[in-house]
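Everything below concerns the one structure shown next.
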Ligand code: ATP
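In the numbering used here, the protein residues as written are 186 to 421.
Below you can see the structure in the form of structure tokens.
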């Protein structure tokens, strides 16, 4: 579904991604883990078209998407939930969701997708007229995911959905990730600092270190790897 080959991405002179290769198969949940500054966010930004790689190929369902504007990549079925949520604080929950579907011209379709989001996140339904900025952190994360779902994506890129959330909300969010994958068959690339949670929901994983893939394999094997346990799972 998603294939990344030899991707190098720079911020000016800073060489942030140094030849990334990864694949995400249709219907898979794949975790991308790694420490601060490893390049996880940069990888997602490169995939969704927010950054253009200097070298390398990215294909989505067989189509080369390098150099394509981000909104065209979204239209092809890949939706990005960015780090820090980036919801519109001065707009209501409903308006934020509407913006997610701004390219969907069929109002009935928008309405039915909004209902689906509300079914997935009943808490958003209860708060549909509340301003985004007044939601709790966990509710804002739900809204950010809900907004990304308004285009009915085939592939969802999730950047640190658990960041700053209480354990209860973290569980809710990971539950939703699993439901989206199992019930809708959504393909998911999940970037997480919470490596143990990410490895428990993913089938496969990649470990990123200073812009390079250091390790990849079945999530269960990665979770058992001694270097991973020490570096990312908080074990001595
Ligand atoms: P974290 O878990 O801390 O968010 P990350 O793995 O997502 O880290 P990135 O945000 O992708 O890491 O950063 C990768 C490297 O690129 C880091 O060295 C970072 O300082 C650098 N970087 C990120 N954004 C920019 C930017 N806008 N300008 C310059 N350098 C940047």
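Think of the CB as a built atom: it goes at the ideal place given N, C-alpha and C, for glycine as much as any other residue. Keep in mind the model is a prediction, meaning the values are calculated, not measured.
Asked                                                                                                                           : Found
Under 8 Å between C-beta atoms of residue 364 and residue 282                                                                   : no
Separation of residue 186 from residue 210, as counted between CA atoms                                                         : 5 Å
The beta strand (DSSP E) enclosing residue 216, as first and last residue numbers                                               : 214–218
Option in 402, 200, 250, 381 with minimal Cα separation from residue 190                                                        : 250
For residue 205, the nearest candidate out of 384, 195, 396 (CA to CA)                                                          : 396
Distance, residue 343 Cα to residue 266 Cα                                                                                      : 5 Å
Alpha-carbon spacing of residue 366 relative to residue 416, whole angstroms                                                    : 28 Å
Beta-carbon proximity of residue 393 to residue 224, cut-off 8 Å                                                                : yes
Residue environment, residue 346, which counts as buried when at least 16 other CB atoms sit within 10 Å                        : buried
Assumed close pair residue 268, residue 295 - CB separation to whole angstroms, cut-off 8 Å                                     : So it is not a contact: roughly 26 Å between Cβ atoms.
Cut-off 8 Å between Cβ atoms - residues of its own chain near residue 324, not counting five sequence neighbours on either side : 308, 309, 312
Under 8 Å between C-beta atoms of residue 292 and residue 260                                                                   : no
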